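A.B. asks: Its first residue numbered 131, the sequence shown is counted upward by one per residue in the numbering used here. I am attaching a structure below and will ask some questions about it afterwards.
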Amino acid sequence: MVGAVARNCRHAPGRAQRNMKTCMIGAGSWGTTVAAVMADNVDVTLWARDADLAKRLEATHENDRYLPGIQISERVRATNDLAAVCAESEVVVIAVPSHGFREVLSAAAPSIAPDVPVVSLSKGVEQETYLRMTEVVADVLGRKDTSRIGVLTGPNLAQEVAEGQPTASVVAMTDEDTARELQKVFMTRTFRVYTNPDVIGCEIAGALKNVVAIGAGIAAGLGYGDNTKAALITRGLAELARLGIALGGDPLTFSGLAGMGDLVATCASEKSRNRHVGFELGKGRKIDEIVAEMKMVAEGVKSTRSVLELAARAGVEMPIAAFVGAILYEGARAADMVPALMLREAKPELHGMR
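Here it is as C-alpha cells:
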C-alpha cells in the first residue's frame, strides 16, 4: 500500500491556491486521509492529540496507528500545537468524534479567526445537547452567521480513499461561493466533490446511517442474506429521510451521496466500523467487549441515543433505530430485531417515506 495516497495527489480542474494554509484537526484514519487528499491542492497541517504520533507522522509520513502501511504525502505536515496550527489557517477542518468534538474545538476556538470557514468531518450528534456538529461549531465559536460552517460527507471509507480508489463526496455549506472554493480544496482526480447547500440534511443523513448500519450488521451477524440487507437499507433510508425532512432537510439530499450513497457503503462494507459492531452483536457478543477491542470510534454506538431523542422531539417514528437503541442500551436480544420488524403493523410503503 506504500505510496497509495500519493496516487490521489494529481492535479484536478479548478484547483485552489497552492499557498492557501489549511489545517486538519484530528489524526484518525479519516482525518489523516482527507489531509492527504487536501495536500494535492493546498498547504495542510495535521494536528494530532498525541504528541508522539505527531512526531512519527512528521518523521515517517505514515500514520502507523490508524493507517498502517499507507504512505502519506510529504506535503502533509504534522504537529501537536493546536493553537499555532489554527492561528495560521485559512480553512479549518475538524475530524474529531462527536463525543470529543466540543472539547477539542473549545481549545482551538481562541485561535480561529471569525471569518475562517470551518468544515466538520464528524458524523454524529452531540449526546448532551442533541446538536449537530455544525451547530456545535457555531455554539463554541459564537457565530451568529453560520453560512461558512459546513460538512464534508458521503460514501467515503477511509481505507479505500487512502488507497486512491475513485470516490465521490459532498461539501455542504449555505454560502455557495465558499462551498465552491472548498470544492477546489478537496477535489482531486480520484476524490470527486459536489456542493450542496443542505447542511441539515447532509448531517442528519451522516449521523443516522451509522445507526442503520449497526442494524444491517446485526442482520448479517445473525446469518440473514441479501434480501434482508436490502430491506433494512431501504427502510433505513425511509427513517433517515423522515427525520431529516422533519428537521428541515431537503428531500433530494437523501437520494444523493450524503443519503443513499453513504447508507449503502456503510451498511454493506465489511470495512465499516458501525456494521462491524452490529455484526458482532448479531453473533451474540456484548457491546462493551466489542467497543473495547476497537482502535477507532463507531459513532453509531454513542449517537443512537441522541438520534432517537431528536426523533422523539420531532414526532418521527423510527423502528429500526429504536430497536438498535434497545439492543445497545437496554439489553434487548439482537436475535429479536428482524422478527420484531417483520411483525410490525402492515402499512403502505409510501406512508413510511413521509
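Backbone N, C-alpha and C fix where the C-beta goes; we use that ideal spot for every residue, glycine too. This one's a predicted model, so the numbers in the text were calculated from it and none came from an experiment.
Three-state secondary structure (DSSP) at Met131?
C.D. replies: Residue mapping note: residue 131 aligns to position 1 of the sequence shown, counting from 1. Any reading at Met131 must be qualified, since the residue scores a pLDDT of 38, below 50, and its modelled position is unreliable; the value itself is stated next. Three-state DSSP puts Met131 in coil, outside helix and strand.
A.B. asks: At which residues does the alpha helix (DSSP H) containing Gly347 begin and terminate?
C.D. replies: Reading the sequence shown from its first residue, position 217 is the one you call residue 347. Taken as a continuous stretch (DSSP letters only), the alpha helix (DSSP H) holding Gly347 covers Val329 to Gly351.
A.B. asks: By how many angstroms is the C-alpha of Asn326 removed from the C-alpha of Val223?
C.D. replies: For this step, residue 223 is matched to residue 93 along the sequence shown. For this step, residue 326 is matched to residue 196 along the sequence shown. Using only the alpha carbons, I get a separation of about 17 angstroms.
A.B. asks: Would you say the stretch 361–379 touches the stretch 329–343, given that touching needs at least three Cβ pairs under 8 angstroms?
C.D. replies: Taking 8 angstroms as the limit for Cβ pairs, the verdict is that the stretch 329–343 does touch the stretch 361–379.
A.B. asks: How should Pro478 be labelled, buried or exposed, when 16 other C-beta atoms within 10 angstroms of its C-beta is the threshold for buried?
C.D. replies: Stepping through the sequence shown from its first residue, residue 478 is reached at position 348. With fewer than 16 Cβ atoms within 10 Å of its Cβ, Pro478 is classed as exposed.
A.B. asks: Report yes or no: do three or more beta-carbon pairs, one from the stretch 164–171 and one from the stretch 252–260, lie closer than 8 angstroms?
C.D. replies: Too few Cβ pairs lie closer than 8 angstroms, so no.
A.B. asks: Taking Cβ to Cβ, would you say Gly347 is nearer than 8 angstroms to Gly412?
C.D. replies: Translated into positions along the sequence shown, residue 347 becomes position 217. Translated into positions along the sequence shown, residue 412 becomes position 282. Yes, Cβ-Cβ distance for Gly347 and Gly412 is below 8 angstroms.
A.B. asks: At the level of alpha carbons, what is the spacing between Leu282 and Lys416?
C.D. replies: Along the sequence shown, one-based indexing puts residue 282 at 152. Along the sequence shown, one-based indexing puts residue 416 at 286. Distance between the alpha carbons of Leu282 and Lys416 is about 32 angstroms.
A.B. asks: Could you round the C-beta distance between Thr276 and Gly294 to whole angstroms and report it? I think they count as a contact, below 8 angstroms.
C.D. replies: As a first step, residue 276 must be located in the sequence shown, where it is residue number 146. As a first step, residue 294 must be located in the sequence shown, where it is residue number 164. So it is not a contact: roughly 34 angstroms between Cβ atoms.
A.B. asks: Mapping the DSSP letters down to three states, classify Leu282 as helix, strand or coil.
C.D. replies: Position 152 of the sequence shown, counted from the start, is the residue given in the question as residue 282. Of the three classes helix, strand and coil, the one that applies to Leu282 here is strand, per DSSP.
A.B. asks: Quick one: grab the DSSP three-state call for Thr320.
C.D. replies: Residue 320 sits at position 190 when you count from the first residue of the sequence shown. Correct three-state label for Thr320: coil.
A.B. asks: Less than 8 angstroms between the CB atoms is what I'm expecting for Ala441 and Leu373, so what's the real figure, rounded?
C.D. replies: For the purposes of this step, residue 441 is taken as the residue at position 311 of the sequence shown. For the purposes of this step, residue 373 is taken as the residue at position 243 of the sequence shown. With a Cβ gap of about 5 angstroms, Ala441 and Leu373 count as contacting.
A.B. asks: What number of angstroms, rounded off, separates the C-alpha of Gly391 from the C-alpha of Asp211?
C.D. replies: Within the sequence shown, the letter at position 261 stands for residue 391. Within the sequence shown, the letter at position 81 stands for residue 211. Taking the straight line joining both Cα atoms gives about 36 angstroms.
A.B. asks: Would Ser385 be called buried (16 or more neighbouring beta carbons within 10 Å of its own) or exposed?
C.D. replies: Indexing the sequence shown from 1 puts residue 385 at position 255. Ser385 is exposed by the Cβ-count criterion.
A.B. asks: What number of angstroms, rounded off, separates the C-alpha of Val215 from the C-alpha of Arg463?
C.D. replies: Locating residue 215 in the sequence shown gives position 85, counting from the first residue. Locating residue 463 in the sequence shown gives position 333, counting from the first residue. Their Cα atoms are separated by approximately 47 angstroms.
A.B. asks: What beta strand (DSSP E) runs, 3 residues minimum, are completely inside the stretch 255–279?
C.D. replies: List check, beta strand (DSSP E) in window: nothing returned.
A.B. asks: Could you name the residues that DSSP lists as bridge partners for Ser402?
C.D. replies: Walking along the sequence shown from the start, residue 402 turns up at place 272. Ser402 pairs with nothing; no bridge assigned.
A.B. asks: Val155 bridges to which residues according to DSSP?
C.D. replies: Here the question's residue 155 lines up with position 25 in the sequence shown. One detail in the question is off: residue 155 reads as Ile in this sequence, not Val. DSSP lists Trp177 and Ile224 as partners of Ile155.
A.B. asks: Return the chain-ordered ranges of every alpha helix (DSSP H) run that is complete within the stretch 291–321 and spans a minimum of 4 residues.
C.D. replies: You should have 306–316.
A.B. asks: What is the C-beta distance between Leu235 and Val267, in whole angstroms, given that I count them as a contact (C-beta under 8 angstroms)?
C.D. replies: On the sequence shown, position 105 is the one that residue 235 refers to. On the sequence shown, position 137 is the one that residue 267 refers to. The pair is a contact, with the Cβ atoms about 7 angstroms apart (cut-off 8 angstroms).
A.B. asks: Per DSSP, what kind of secondary structure is Arg415 in: helix, strand or coil?
C.D. replies: Indexing the sequence shown from 1 puts residue 415 at position 285. Looking at Arg415 - three-state DSSP - the assignment turns out to be coil, as it is neither helix nor strand.
A.B. asks: Can you tell me which of the three DSSP states Arg463 falls into?
C.D. replies: Indexing the sequence shown from 1 puts residue 463 at position 333. DSSP places Arg463 in coil when its eight states are reduced to three.
A.B. asks: Considering only DSSP beta bridges, list what Ala208 is partnered with.
C.D. replies: Position 78 of the sequence shown, counted from the start, is the residue given in the question as residue 208. In the DSSP output, where bridge partners are listed per residue, Ala208 has Leu176.
A.B. asks: Looking only at C-alpha atoms, which of Cys153, Ala243 and Glu220 sits nearest to Val226?
C.D. replies: In the sequence shown, counting from the first residue as 1, residue 226 sits at position 96. Comparing Cα-Cα distances from Val226 to each of Cys153, Ala243 and Glu220, the minimum goes to Cys153.
A.B. asks: Apart from the five residues just before and just after Gly378, which ones in its own chain have a Cβ nearer than 7 angstroms to its Cβ?
C.D. replies: Numbered from its first residue, the sequence shown carries residue 378 at position 248. The residues are Ile330.
A.B. asks: For Ser250, name the three-state secondary structure that DSSP assigns.
C.D. replies: Sequence index remark: in the sequence shown, residue 250 carries index 120 (1-based). Three-state result, Ser250: strand.
A.B. asks: I need the DSSP call for Glu369, collapsed to helix, strand or coil.
C.D. replies: Within the sequence shown, residue 369 is the residue found at index 239, counting from 1. In the structure shown, Glu369 sits in a helix (DSSP, three-state: H, G or I).
A.B. asks: Quick check: the Cα distance between Ala465 and Leu352, rounded to an integer number of angstroms?
C.D. replies: Sequence index remark: in the sequence shown, residue 465 carries index 335 (1-based). Sequence index remark: in the sequence shown, residue 352 carries index 222 (1-based). When rounded, the distance between both Cα atoms is 7 angstroms.
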